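All letters in the sequence shown, in the order written, are residues 9 to 265 by my numbering. Cβ atoms here follow ideal geometry from the backbone N, Cα and C, with glycine treated the same way. These numbers come from a predicted model, not from an experiment. One structure below.
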Amino acid sequence: MLTPCANSRWKRKISGRKTQCSEEEPREHDSEIGAVDRVLGFPQDHNVRSRAIFILENASLKKGLVRKEWKILNSHDDANLLLKKNKSLNDYRPDIVFEALRSIIDSPLNKYGLVGAIFVKIDGGALFEIKPHVRIPRTCKRFCGLIVDLLQKFRVRAKDTNDVLLRVVEEPVANHLPVNSHIVGLSCSSEKLVDINDYVSILSDDVTPVFVVGAMVNGKVKRDNTDDYISVSDYPLGAKCCVGLICDALEQKWKLF
């Protein structure tokens, strides 16, 4: 369980508001895919030798044909259609992975260039990689449109440089990880309850930390192919909250102030 001291070190507030794909944010805060975030500089701790990798599992990004157009189905806009087909609305929550990605990409950890890669595994579908140095759309609706393009074309390129920003990759994800990876699965069902700040503080700088977080409502991260399997709370936490805690702990470890 997280201690009061650890709680006081949180840099970000975890909002209780649920994002729906039909919601729109102010347009002046929006940005086009392909823009590169500014790197803030180098960490004060010169012992940093590797960058963190995140894997978001079982993401609810399921494509469907609605009014002759392909889209990522969601429990808000497509509730009537899904209920008619006896589908569980909990299986159509693209906002979960969207918020988790925003938390990683907008974190100081990523601004300092210390996120090495982000992988997303779609529930029952494809595996794709998102380059951590790019900005994803600032609304869930536009993000879902981007994912439809990705699933149809297998990659998304920057308009100005033609660099590949998102791409579908072959499974298993272990084939795309460094040889010195230390894979950590997070699940509330794990019997190993840790303080995440203490846990990452003792990780060796000779390994690449890889964190596997579930991006779904129900279910858990599989223990297979993980080097460690931990829980960071007595209660189930959302993907956004989990990656936020991890990013904050790594920022403390590597002195990113």
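Integer-rounded CB distance, given that residue j should sit under 8 Å from residue i
i, j, result
"Leu73", "Ser83", "No, Leu73 and Ser83 are not in contact; Cβ-Cβ is about 17 Å, not under 8 Å."
"Asp235", "Ile204", "About 16 Å separates the two Cβ atoms, so there is no contact after all."
"Arg231", "Gly193", "6 Å"
"Ala289", "Ala182", "Here the chain comprises residues numbered 9 to 265, so residue 289 is not present and cannot be evaluated."
"Val251", "Ser111", "5 Å"
"Ile130", "Leu69", "5 Å"
Sequence-distant residues of its chain with Cβ nearer than 7 Å to residue i (five each side left out)
i, result
"Pro186", "Thr216"
"Asn226", "Asn98"
Residue i versus residue j - alpha carbon distance
i, j, result
"Val268", "Arg59", "Outside the modelled stretch of the chain, which goes from 9 to 265, sits residue 268, for which no answer is possible."
"His141", "Lys119", "8 Å"
"Tyr100", "Ala134", "16 Å"
"Ile61", "Lys71", "26 Å"
"Asp86", "Lys76", "14 Å"
"Pro180", "Ala67", "16 Å"
"Leu158", "Tyr237", "31 Å"
"Ile138", "Pro116", "17 Å"
"Ile210", "Gln260", "12 Å"
"Cys148", "Asp114", "15 Å"
"Phe136", "Pro244", "26 Å"
"Val176", "Asp103", "20 Å"
"Ser198", "Gly121", "30 Å"
"Lys95", "Gly132", "15 Å"
"Glu36", "Val218", "Reliability of the predicted coordinates at Glu36 is poor, the pLDDT of 36 falling under 50, and the value obtained from them is presented with this limitation in mind. Taking the straight line joining both Cα atoms gives about 34 Å."
In DSSP terms, what residue i is bridged to
i, result
"His190", "Pro217"
"Asp256", "Beta-bridge pairing links Asp256 to no other residue."
"Ser239", "Leu201"
"Glu3", "For the chain, the structure presents residues 9 to 265; residue 3 sits outside this window and is missing."
"Glu137", "Phe127 and Arg175"
C-beta atoms of residue i and residue j nearer than 8 Å
i, j, result
"Val229", "Ser189", "no"
"Trp262", "Val156", "no"
"Ala247", "Leu81", "no"
"Leu201", "Asp256", "no"
"Leu253", "Val240", "yes"
Own chain residues within Cβ distance below 8 Å of residue i, not counting five before or after
i, result
"Leu154", "Ile41, Ile144, Pro145, Val164 and Leu174"
"His184", "Ala125, Phe127, Glu137 and Val177"
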